[in-house]
Structure formats: structure tokens, C-alpha cells
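S.K.:
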Amino acid sequence: MADAGRKAVWARCRIDVCGHRWVVVDLPMEIMKAANAMKRAKCPACGDARPYASVAPASGGAA
988 MADAGRKAVW ARCRIDVCGH RWVVVDLPME IMKAANAMKR AKCPACGDAR
1038 PYASVAPASG GAA
């Protein structure tokens, strides 16, 4: 769970059979560091290198 004043940026794997969701970065963060992390994000479950931006799962945790 993110601390007060911080906002998680989530990603979702584009591979339907995987569909994993994870936090890429917690904001606030230096804009260049956040942009690099989002640009280089890979699914930790299957390794796909082109995740979608996503909203947090309804349960509040990683899927």
C-alpha cells in the first residue's frame, strides 16, 4: 500500500494469458527517473516488454 501523499503508477501485461498487474513507480519521483522506469517496464511474471498503463486492481494488491 502506498504511503500518504504518494501515488502508485500501475501497469498491466498486454498478454491476455498473463494479465499481471504491478506497480511501476511511486510518485512523487524525479520526472526523468519515473519516465525511464515506465519506458523500461517489463512484466515481472512473463517478461513482456510492452505493458499497458493500468489502474490499481479492485482488491488493492497485485493480481
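In our numbering, the protein residues as written are 988 to 1050.
For every residue, glycine included, the Cβ atom is placed at its ideal position computed from N, Cα and C.
#1: Going by alpha carbons, who is nearest to Cys-1033 out of Pro-1015, Ala-1043, Trp-1009 and Pro-1044?
#2: Is the beta carbon of Val-1042 closer than 9 Å to that of Ala-1024?
#3: Pro-1038 and Cys-1000 - do their beta-carbons sit closer together than 9 Å?
#4: Return the residue from the list Ala-998, Asp-1013 and Gly-992 that minimises the CA-CA distance to His-1007.
#5: Among all the DSSP beta bridges, which residues are the ones paired with Ala-998?
M.R.: To lay it out plainly:
#1: Trp-1009
#2: no
#3: yes
#4: Ala-998
#5: Trp-1009 and Ala-1040
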